[in-house]
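Keeping their order, the protein sequence lines are chains A and B. For what it's worth, full-length UniProt numbering labels the leading residue of the first sequence as 1, then goes sequentially. For what it's worth, full-length UniProt numbering labels the leading residue of the second sequence as 1, then goes sequentially. Here a beta-carbon is modelled for each residue, glycine too, at the ideal position from N, C-alpha and C. Let me begin by presenting the structure, written as structure tokens, before commenting on it.
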Amino acid sequence: MSKTHLELTGVEMAFDTPKGPFVALDNINLKIQKGEFVSLIGHSGCGKSTVLNIVAGLLQATKGGCVLDGHEVNSPGPERAVVFQNHALMPWLTVYENVELAVQQVFRKSMGKQERRDWIHHNLELVNMAHAADKRPGEVSGGMAQRVGIARALAMKPSVLLMDEPFGALDALTRAHLQDSLMEIQQELNNTVIMITHDVDEAVLLSDRIIMMTNGPEATVGEDLYIDLPRPRNRVTLADNPEYVHYRQEVLRFLYEKQRKLEHISPRRSGKPEASEGEQPKARAARA
Amino acid sequence: MTTITSAKKPSQPPRWLGQRFRSLGESLTPGQLAATGRQMLLPLIGILVFVGFWHLAAPQVDTSLGSFPGPAQVWEQSGQLWQEHVNQRERADKFIAMQEERNARILADNPEAEVRIRNYPGAPTFPDQILTSLVTVLAGFIVATAIAVPLGIVVGLNRHFQAAVNPLIQVFKPVSPLAWLPLVTMVVSATYVSDDPMFEKSFLTSMITVTLCSLWPTLINTSVGVAAVNPDLLNVSRVLRLSFWTHVRKVVLPSSVPMIFTGLRVSLGIAWMVLIAAEMLAQSPGLGKFVWDEFQNGSSQSLSRIMVAVLAIGFIGFVLDRVMLLIQRRVAWNE
């Protein structure tokens, strides 16, 4: 195997709460190779976003750490570009200007004016959004805005692309369409991607590897599943593929048998109280 | 690539103008014309009903200066005030012409002579007072904005700073202009001592009072707007490693522009109200002094003239707010 590209070692994340420290993540160990497409899957509140935010540098692990290409991660940076769930485009800038803001910041010194312009245009074409370059985010659909969010992240030439439920807020058809686009782009650029999802089909279809996380608190890596399906993958033909079905079942079994969330099924208040608390620190993490 | 070039900043004002013109053109369709007509009709009815009620009710109210003026008397007095203004201007022009003539004569006799150029000594007319008030309110408002917006940004960005400043804001915000006025007057007369003053002391007193009373809404709204920037956008800024200034310029400021403008509009409204009160109390030139002088004058026309001033004050306040709204539409991205 090639050299480890990104490594998480013994990551623990504890949040201070009025009731004392709340340990969201405990002893997460992960090694990711260059060009791998990794999905993080788990029930809501299990700390998937916290893992992503630690890799992004938006949060600092209380124990352990994250090393990218031999350098410790302790602050955010464009080499770990993030695609946010709700596109997070500046509503007062046009589509072009949103990407420009990123390109300007990252390649101010290394690219000429014309070169930057071409690069912005190239990235908008990559996600099929060049036609709407002059529009504001409010004037395009949610799916289109999310494409621009991806274009902005890709335009930073990140060594790792971090995606926080990038298609979670979209309708099913748009989501399928964007998933296909993302696969094509990934095929072409061979980026390393870490994507958070709670959509089993999305995880199996897109990933080289699925990291399944146990329920919080003290969530950790439960299972690590390699998806050995040939690319390019086609959602329609894969639907009957026995291997695909097997992978899918594997993930479903983990989520709904091994890590079943009790409080969804049992009447209120009889479920594990800690599990419902899991939501809170996650929300805090996102705001931090 | 040309399409991209045109997408950049320079093309924006024309695009905005284009939209304006398009919306003007669209409003000319018959359906929209009817809608506009309906929009105009109801306010018109409201005004007519008010004037009718005023006309009927005014003679019923007796004061020591005669009955309360109805719309007809007020209309007459507004014409009168304008006429006085025109007359005064003519006299002023004559005065200036005579003075120049005299000075020319003196200079012809003795080129070394020192000639005196005096301003026309006549009392300021109603339009003059309006102008004075407008200049004062705008000066006070601009100074208030120049203080409140940067301070609001700092307060909004820094939680510790906010905690330190917040009690001060809460205490000073509800203070009436009348309470500030004596203090401001004394401080201005003590500190602003100059042989050749750039501004009148009365102007400074009114302006500073306006500033002190009108900066709070802008300050509070700016700080709230700055503190409420979408956390995702803040994360984008962190991922991009924007410098502090770029962060403020490209993320914080545009994001809080709508809130800042809400504050500015409230501030301008307060500034205009405060100014009239300050001018009345301090006897500094302006609409407030006009109202006070007429009140002291106590002639049979005084009430009508004060009513003219009341309507003028209201109308100017309305126009000021509209102007701010236009600027807001021009600047804010969410309009």
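Distance from the Cα of His87(A) is smallest, within the candidate group Ile28(A), His5(A), Asn98(A), for Asn98(A).
Around the Cβ of Asp195(B), a 10 Å sphere holds fewer than 16 other Cβ atoms; the residue is exposed.
Neighbours of Asp293(B) across chain A, judged by C-beta separation under 9 angstroms, do not exist; the nearest C-beta is about 49 angstroms away. Judged by pairs of C-beta atoms under 8 angstroms, the region 5–16 of chain A touches the region 53–65 of chain A, as three or more such pairs exist. With contacts defined by Cβ atoms closer than 8 angstroms, Ser237(B) and Ala144(B) do not form a contacting pair. A distance below 7 angstroms between beta-carbons, with the five flanking residues on each side excluded, links Gly298(B) to the following residues of its chain, in chain order: Leu65. Contact residues of the region 192–218 of chain B toward chain A are absent (C-beta to C-beta distance below 9 angstroms). Counting along the chain, the unbroken alpha helix (DSSP H) around Met259(B) starts and ends at 253–282. Here DSSP, grouped into helix, strand and coil, assigns Tyr244(A) to helix. Contact annotation, Thr136(B) with Met186(B): C-beta distance approximately 19 angstroms; criterion of less than 8 angstroms not satisfied.
Of all alpha-carbon atoms in Val55(A), Glu125(A), Leu161(A), the one lying nearest the alpha-carbon of Val83(A) is that of Leu161(A).
Under the 10 Å beta carbon count, Trp216(B) is surrounded by 16 or more other beta carbons and is classified as buried.
Rounded to the nearest angstrom, the gap between the Cα atoms of Trp180(B) and Gly263(B) is 21 angstroms.
Counting along the chain, Glu223(A) sits inside the beta strand (DSSP E) bounded by residues 221–226. Straight-line spacing of the CA atoms in Leu93(A) and Asn230(B) works out to 15 angstroms. Contacts between Gly77(A) and chain B, judged by CB atoms closer than 8 angstroms, involve Val239, Arg241 in chain order. Secondary structure at Lys94(B): helix, using DSSP grouped into helix, strand and coil. Cβ-Cβ separation between Ile185(A) and Glu165(A): approximately 18 angstroms, too far for a contact (criterion under 8 angstroms). Counting only Cβ-Cβ distances below 8 angstroms, Gln60(A) has no contacts in chain B at all, with the closest Cβ about 13 angstroms away.
Taking the beta carbon of Val310(B) as reference, no residue of chain A falls within 8 angstroms; the closest one sits roughly 41 angstroms away. Arg209(A) is bridged by DSSP to Val38(A), Tyr226(A).
Out of Tyr96(A), Gly70(A), Thr237(A), Leu124(A), the CA that lies nearest to the CA of Lys34(A) is found in Gly70(A). Contact between Gly47(A) and Met213(A) holds, with the beta-carbon distance rounding to 7 angstroms and staying under 8 angstroms. Collapsing the DSSP output to three states places Met13(A) in a strand. For Gln162(B), the CB contacts under 8 angstroms within the same chain, skipping 5 residues up- and downstream, are Val155, Gly156, Ser223, Ala227 in chain order.
Within a 10 Å sphere around the beta-carbon of Met163(A) sit 16 or more other beta-carbons, which makes this residue buried. Taking Ala203(A) as reference, the option from Gly20(A), Val38(A), Asp26(A) with the minimal CA-CA separation is Val38(A). In the structure shown, Arg175(A) falls within a helical segment according to DSSP collapsed to helix, strand and coil. When DSSP reads this structure, Lys31(A) sits in a beta bridge with Glu7(A).
If you ignore the 5 residues before and after Val184(B), its C-beta comes within less than 6 angstroms of the C-beta of Thr205, Ile208, Thr209, all in its own chain and listed in chain order. The beta-carbon of Trp245(B) is placed no less than 8 angstroms from the nearest beta-carbon of chain A. Residue range 192–197 is occupied by the beta strand (DSSP E) that includes Met195(A), with no alpha helix (DSSP H) assigned at that position. In this structure, the CA atom of Ala92(B) is about 8 angstroms from the CA atom of Gly122(B). Shown here, Pro21(A) sits in a strand according to DSSP, grouped into three states. Using beta-carbon distances, Asn86(A) counts as an interface residue toward chain B, with a partner under 8 angstroms. One Cα belongs to Gly52(B), the other to Ser202(B), and the distance between them is close to 40 angstroms.
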